[in-house]
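Asker:
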Amino acid sequence: MVRTEMVFPDGPHSRFPVMTALRRALAMVPVLALGAQLTAFAQGACVDKANGFQFQPPKDWTQVPIQVEEKWIATKWLCDKKYDDKESGFTHNPLMRVIIFEKAKILPGGDETGSGGSGNGGVDVKPGDEIDLSRPYVDYKDYLKRNFRDGGFYVSAEKEVKMGETPVTMLEVKIEKLVQTGKKRIYCWIFKAEWGDLAIECEVLEQFVDKLQPTVMNAFKSFRLIARDPNAKKENVGGGPKIKFVDPNETPEMQKKRRLEMEDRMFKKAIADLPKDWTTKRTAHFLVLNHAGVKYQDKVIAHAEAVRTWLDKEFGDIGPGYVQGCILRICKDRDEERAFGSGSGDSWSNDSRELITSESKDGLNPYEFQYLGRGVMNFFFYDKNSELYSALPTWLENGLRGYIGTAVLKANQLQFGPDDSEKTRMNDGAKKGKFKPIRDLVNVTQKDMFGGEDGQYLYAQCTSLIRYLMGPGRGVKKHSTIIKDYLRHLLDVMKENEKAARDAVKAAGGAKTEEEEEEEFRKRRKQDWSAKEKEFLQAVMKAVFGDWTDGDWAGLQASWEKFAK
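Note that this note's numbering numbers the sequence shown so that position 513 is 504, with each residue one more than the last.
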């Protein structure tokens, strides 16, 4: 029997400038008249033999790496200069991209070749097979409609011309409504090839259209199609919504082998897509891709490795899963990080393990190492035991995220003290009486915690409770094993829920294949957990604290309050 697994972007990723397709910038250039002359190429031309194009990027624009999972964008170039929007107060860096639309991937009706949505009867599948549920883009307008999120836009001009023998559609798009970051204008030229379309696009602030027009026009005029080289094609590890067929009897050794293979594919593609001025480095647990200073790179590596070592020591026994190697991508600044994260909305993968940070020379990135630590934690827990990770209660998950996120590395040791914002929330929460008794806090659901106005205080309280339990609480016999005991009994409750879900699916009957029955079980198990979260929390509570007296709870409350002062 083959187990099916729905793959959507709600896996181990906590901070995904990579997995979130908020389009930050494209760029401008007015629609050209028919018969414009092609620009001669100089050194530094962008030549892509795999996708069949070349052009001359603007001078002093920097090539930005492509996300490992990207399936549509071929190249990105970021303007090094910022432009200030006088109306909104935001700054903007023009970003130029080339986007691929292959006819071979589109069947009549818009289905992708190989899609499992046609309902053509039974198909033999084996572990490792995948059915891609993503809907490919029909053309550039479809891509724009499904990806652009920076404001209301409309196509203000369109013209069909020829560049040599190549048909070209020239589009002008204006972004004028519901815009918070300044009015903009997009220009896009779509080159028609026998195999599909290649679109080069660019966006600038409306205030600077005239100033940037010559620069962007020269790049657009230099664009031309070349013969595609099938030998230059890179491996596609793109994700998106899909059904993955997994062996239900997969052993930890088999899982490790599968994850190592995926790790190798991801690492090789990440390196192959790097611009020439980036560097690579392998450490014990990470592939480091760096475009920042060496000192900052070393600081990032030391922190990430320290967090990973600490996680292995404290939580290495929560599951048998192999923790897949992770990519640490270090951008030179926030602008480059945002440009890197500007990708296609359906290009992501639960198999990916990538964390992105950037160097700040102006002190405007105070939370970079919080994101880094939390990201390492999320990947670790997901890979060790994905089902346990998905069932972590609110108090424990958020408490650990806050605890690990604010860790600081000093003298090669992690120090787990609260940062200034946590201190402020703790002081304000105590003065305003916003905290819950610990006995109630460990039963709070995500909805209960963040559904009202007190979420920020309760989040701080969860973190403070973890600080006590991981710190002085270890010296109190009754408190020393609360976290480990809770995780152990949570696993027991999850197994009971799994058995109940399987029994319910079997009792429902119906003419199901083993694969359909397995998929129905997974849905039922997830639905039951969501619907009965409070019931499950109470079951774990009873298993962990069933023999506790009112005096035991009073002792924990008093110890935490003394610690939290």
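Beta carbons are placed, not taken as given, at the ideal position from N, Cα and C, and that holds for glycine.
Using the C-alpha atoms, what's the distance from Phe199 back to Asn418?
Answerer: Looking at the two C-alpha atoms, the distance is approximately 47 Å.
Asker: Distance, Cα to Cα, Thr385 vs Val314?
Answerer: When rounded, the distance between both Cα atoms is 23 Å.
Asker: Looking only at C-alpha atoms, which of Gly393, Gly424, Lys174, Asp255 sits nearest to Glu413?
Answerer: It is Gly393.
Asker: Candidates Asp268, Gly334, Arg249, Arg320: which alpha carbon is nearest Glu61's?
Answerer: The shortest C-alpha separation from Glu61 is found at Gly334.
Asker: How far does the alpha helix (DSSP H) with Thr172 in it reach, from first residue to last?
Answerer: Run containing Thr172: none; DSSP gives neither H nor E here.
Asker: Can the beta-carbon of Lys135 be found less than 8 Å from the beta-carbon of Val164?
Answerer: Note on identity: in this sequence residue 135 is Leu, with Lys being the wrong assignment. Yes, they are a contact pair.
Asker: Rounded to whole angstroms, what's the CA-CA distance from Ile166 to Phe554? Just pull it up for me.
Answerer: Approximately 53 Å between the Cα atoms of the pair.
Asker: Classify Ala65 as helix, strand or coil using the three-state DSSP reduction.
Answerer: Correct three-state label for Ala65: strand.
Asker: Smallest Cα separation from Phe574: which of Val207, Met208, Gly316?
Answerer: Residue coverage of the chain in this structure runs from -8 to 556, which leaves residue 574 outside it and unanswerable.
Asker: Could you check the C-alpha separation between Gly307 and Lys375 for me, to the nearest Å?
Answerer: The alpha-carbon atoms of Gly307 and Lys375 are separated by roughly 8 Å.
Asker: With distance defined between alpha-carbon atoms, name the residue in Phe182, Ile429, Gly442 nearest to Ala549.
Answerer: Ranking the options by Cα distance to Ala549, first place goes to Ile429.
Asker: Check His83 in the structure and name its three-state DSSP category.
Answerer: Strand at His83.
Asker: Going by beta carbon distance, what residues of the same chain come within less than 8 Å of Lys525, once the five residues before and after it are set aside?
Answerer: Counting only Cβ-Cβ distances below 8 Å, and skipping sequence neighbours, we find Asn434, Thr436.
Asker: Specify the secondary structure class of Glu194 as computed by DSSP and reduced to three states.
Answerer: Strand, per DSSP.
Asker: Exposed or buried, Leu17, counting other C-beta atoms within 10 Å across all chains shown (16 or more means buried)?
Answerer: For Leu17, the predicted structure reports a pLDDT of 28, less than 50, and the residue's modelled location is therefore unreliable. The matter cannot be settled from this model.
Asker: Check whether the region 244 to 255 touches the region 190 to 204, counting contact only when three or more Cβ pairs, one atom from each stretch, lie closer than 8 Å.
Answerer: Because the criterion of three Cβ pairs below 8 Å is not met, the region 244 to 255 and the region 190 to 204 do not touch.
Asker: Just how far apart, CA to CA, sit Lys175 and Lys224?
Answerer: Roughly 34 Å between the two C-alpha positions.
Asker: To the nearest angstrom, report how far apart Thr415 and Phe426 are at their CA atoms.
Answerer: Cα to Cα, the separation comes out at about 14 Å.
Asker: Helix or strand or just coil, what does DSSP make of Arg416?
Answerer: Arg416 falls in the helix class under three-state DSSP.
Asker: For Gln315, which three-state DSSP category applies?
Answerer: Looking at Gln315 - three-state DSSP - the assignment turns out to be coil, as it is neither helix nor strand.
Asker: Nearest-angstrom Cα distance between Val467 and Tyr459?
Answerer: Cα to Cα, Val467 sits roughly 10 Å from Tyr459.
Asker: Return helix, strand or coil for Ala184, following the three-state DSSP convention.
Answerer: It is a strand residue.
Asker: Report the CB separation of Ile217 from Gly43 in whole angstroms; it is logged as a contact under 8 Å.
Answerer: Confirmed, about 6 Å.
Asker: When the Cα atoms are used, what is the spatial distance from Pro205 to Ala41?
Answerer: The straight-line gap from Cα to Cα measures roughly 29 Å.
Asker: Mind reading off the beta-carbon distance from Trp551 to Leu456? Whole number of angstroms is fine, and I expect it under 8 Å.
Answerer: That belief holds up - the Cβ atoms of Trp551 and Leu456 are roughly 6 Å apart, short of 8 Å.
Asker: Runs of 4 residues minimum, wholly inside the region 241 to 324: which ones carry the alpha helix (DSSP H) assignment?
Answerer: Those alpha helix (DSSP H) runs which fall completely within the region 241 to 324 and span 4+ residues are 243 to 263, 285 to 306.
Asker: Contact between the region 80 to 91 and the region 47 to 65 is defined here as three or more beta-carbon pairs at a separation below 8 Å; is this criterion met?
Answerer: The answer is yes - the region 47 to 65 touches the region 80 to 91, with three or more Cβ pairs under 8 Å.
Asker: Going by beta carbon distance, what residues of the same chain come within less than 6 Å of Trp544, once the five residues before and after it are set aside?
Answerer: Excluding positions up to five away in sequence, the list reads Arg430.
Asker: Apart from the five residues on each side of it in sequence, which residues of its chain come closer than 6 Å, Cβ to Cβ, to Met440?
Answerer: Here the set comprises Thr385, Gly446, Leu449.
Asker: Counting only runs that start and end within the region 428 to 482, where is the alpha helix (DSSP H) found for 4 or more residues in a row?
Answerer: Complete alpha helix (DSSP H) runs here, min 4: 429 to 432, 437 to 441, 446 to 461.
Asker: Exposed or buried, Lys67, counting other C-beta atoms within 10 Å across all chains shown (16 or more means buried)?
Answerer: It is buried - the Cβ of Lys67 has at least 16 other Cβ atoms within 10 Å.
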